[in-house]
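Here the protein sequences come in this chain order: A and D. Numbering-wise, the first sequence is residues 1 to 212 according to my numbering. Numbering-wise, the second sequence is residues 213 to 451 according to my numbering. Positions of the beta carbon are idealized from the N, C-alpha and C atoms, including for glycine. A quick note: this is a predicted structure, and the numbers were derived from the prediction, not measured.
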Amino acid sequence: MSIGSSERRARASAPIVALGVAWFLAVAVGFLALWIYKTRPGAEGGAVPRQWPAASRIHPSAGRPTLLFFAHPRCACTRASISELARLMSRFQDRLDARVLFAASSDDEMKTDLWSSAQRIPGVTAALDAGGGEARRFGVETSGAVILYDSAGKLAFHGGITPARGHEGDSFGRQRIAALLEGAPADRADAPVFGCTLDESRPAQLAQADHK
Amino acid sequence: MSSSVQSIDAINAAADAVVRRADARFDAHRQEIVRTTDRMFAWLLVAQWLFAILLAVTVSPYAWQGKEKTVHVHVWAAIFLGGAITIFPVALALLRPGALLTRHVIAAAQMFWSALLIHLTGGRIETHFHVFGSLAFLAFYREWPVLVTGVLVVATDHFMRGILWPESVYGISNPEWWRFLEHAGWVVFIVVFLILSCRRALRDMREMAERGAELEALSENQWRRSSVLDREAAESGRR
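Here it is in structure tokens:
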């Protein structure tokens, strides 16, 4: 092949190569945007009570730690948190009382596939948190938030148990809870929560309209 | 020039012709494999795109804020990011099948798809097998540099995330310095076998091309000899 023809070929393929580089960068930027979204924690609520709140209508388990998991019944991101809870319970179901509280207006609204998944986990009780009242009492605003109280009713951990929004896998939160249940000392007792906002403060008429 | 020297030249020329013929057969076979694989990947990329949209719409259609719902970012990611990943390599596969750049872009796109599917399925461990399946599929090209492109995309993704958000790769925020070697090791494990298999397949193709070229040359010689004999028989018959 002559030098002239190879130069012509190189010149002809230069725009395609440039297009290839532009494509690679565009896709990389897309992934970066997706990653920023997935690693942005949900809204933080008020302070989580250090002791089990007396105003709560639910009661801590006697003699063993109680884990509260707050969930929005339709939050797709919480599916990963439920899977992580199942992993945790497969190791600690005998040492832990776990309750998943679904912030919803009624049983019908609560009974979604997430509720079914939560109910199927051995050692877990799924219940309605009417109007999100308990979530507010425990200072929780984001679906997937977990609060662990020790057997004396003292706060041991609060936060999320996924590494990112709607993303399964080992996370600081799950490892922290596992370590606490195994008797390790707590050096940090919080983790970011990734999920939908539980906000139940919208007017009832609007809520009903959405539900139709 | 003596007749023995003439016959050696003739043998050398015949051998060169066989080598050229073998090279041509090998190149044609290789090009056919590459073009067929480009087309297979074009279909696969489009199928993955449709699957991703279906997955996002089914599994995570909405994000919620209390009672208020908005279309989930996964749906937009499946449509637009999935589209961006797919359209360029598919266009190359259709417009420039067999070109070097086409298969390298396809390799990168396939690895991007692994990453996007892992995101869309919420990081399910099962979806990570897509990486290994894709590498095996890329070995259909029978070219190890294509596998290297695929591995580089996976490695860059892990490296960047390992720096920016180590928990997403290793599950802990302060992994040991050697932790990436454990992940890379498993990818290298499969890639080594795939590269060996590519080299073996190429060697087989080369052997097939050489054998085919020899057979072709032999049958041409036979044909030439028989046509000389036919001509001589016809001439002696006329006499």
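- Near-chain D residues of the region 166-183 of chain A - C-beta to any C-beta below 9 Å: 166, 167, 168, 169, 170, 171, 172, 174 and 175
- Task: Starting from residue 159 of chain A, follow the alpha helix (DSSP H) in both directions and report where the run begins and ends.
- Result: Here residue 159 of chain A corresponds to residue number 159 of the first sequence, with the count starting at 1. No alpha helix (DSSP H) contains residue 159 of chain A, which is instead part of the beta strand (DSSP E) from 155-159.
- Counting Cβ pairs closer than 8 Å, one from the region 170-190 of chain A and one from the region 142-151 of chain A, do we hit at least three? yes
- Item | Beta-carbon separation (whole angstroms), residue 174 of chain A vs residue 88 of chain A, contact threshold 8 Å | One-based indexing of the first sequence puts residue 174 of chain A at position 174. One-based indexing of the first sequence puts residue 88 of chain A at position 88. Sure, about 6 Å apart at Cβ, within 8 Å.
- Item | CB contact below 9 Å: residue 106 of chain A versus chain D | Residue mapping note: residue 106 of chain A aligns to position 106 of the first sequence, counting from 1. No, its Cβ sits nowhere closer than 9 Å to a Cβ of chain D.
- Item | Contact list for residue 267 of chain D against chain A, beta-carbon separation under 8 Å | Mapped onto the second sequence, residue 267 of chain D falls at position 55. The contacting residues do not exist; residue 267 of chain D stays about 11 Å from chain A at best.
- Query: How many whole angstroms separate the CB atoms of residue 339 of chain D and residue 321 of chain D, which I take to be in contact at a CB cut-off of 8 Å?
  - Reply: Indexing the second sequence from 1 puts residue 339 of chain D at position 127. Indexing the second sequence from 1 puts residue 321 of chain D at position 109. Residue 339 of chain D to residue 321 of chain D, Cβ: 17 Å. No contact.
- Residues of chain D with a CB under 9 Å from the CB of residue 154 of chain A: which are they? Walking along the first sequence from the start, residue 154 of chain A turns up at place 154. Within 9 Å Cβ-Cβ: nothing; residue 154 of chain A doesn't reach chain D, min ~25 Å.
- Message: My output table needs one value for residue 152 of chain A: the three-state DSSP class, helix, strand or coil.
- Response: Taking the first residue of the first sequence as 1, we reach residue 152 of chain A at position 152. Coil, per DSSP.
- Task: Compile a chain-ordered list of the residues in the region 37-61 of chain A whose CB is closer than 8 Å to at least one CB of chain D.
- Result: 37, 38 and 39
- Task: Have a look at the DSSP bridge pairing and note the partners of residue 274 of chain D.
- Result: Taking the second sequence and counting its residues from 1, one reaches residue 274 of chain D at position 62. Beta-bridge pairing links residue 274 of chain D to D:283.
- Proximity below 9 Å, CB of residue 230 of chain D to CB of residue 426 of chain D: Taking the first residue of the second sequence as 1, we reach residue 230 of chain D at position 18. Taking the first residue of the second sequence as 1, we reach residue 426 of chain D at position 214. Against a cut-off of 9 Å, the Cβ pair of residue 426 of chain D and residue 230 of chain D comes out as a contact.
- According to the Cβ coordinates, are residue 143 of chain A and residue 42 of chain A closer than 9 Å? The residue you call residue 143 of chain A lines up with position 143 of the first sequence. The residue you call residue 42 of chain A lines up with position 42 of the first sequence. Yes. Within cutoff.
- Message: Buried or exposed for residue 138 of chain A, going by 16 or more other Cβ atoms inside 10 Å?
- Response: The residue labelled residue 138 of chain A in the question sits at position 138 within the first sequence. Per the 10 Å Cβ criterion, buried.
- Would you say residue 118 of chain A reaches chain D, if we count a Cβ-Cβ gap shorter than 9 Å as a contact? Locating residue 118 of chain A in the first sequence gives position 118, counting from the first residue. So no, residue 118 of chain A is outside the interface.
- Span separating the alpha-carbon of residue 318 of chain D from that of residue 302 of chain D: Taking the second sequence and counting its residues from 1, the one referred to as residue 318 of chain D is at position 106. Taking the second sequence and counting its residues from 1, the one referred to as residue 302 of chain D is at position 90. C-alpha separation (whole angstroms): 8 Å.
- Message: Any C-beta of chain A within less than 8 Å: which residues of the region 271-285 of chain D qualify?
- Response: 271, 272, 273, 274, 275, 276, 277, 278, 279, 280, 281, 284 and 285
- Message: Using a Cβ-Cβ cutoff of less than 8 Å, which residues in the same chain neighbour residue 402 of chain D once the five nearest sequence positions on both sides are dropped?
- Response: Taking the second sequence and counting its residues from 1, one reaches residue 402 of chain D at position 190. 344, 347 and 348, listed in sequence order.
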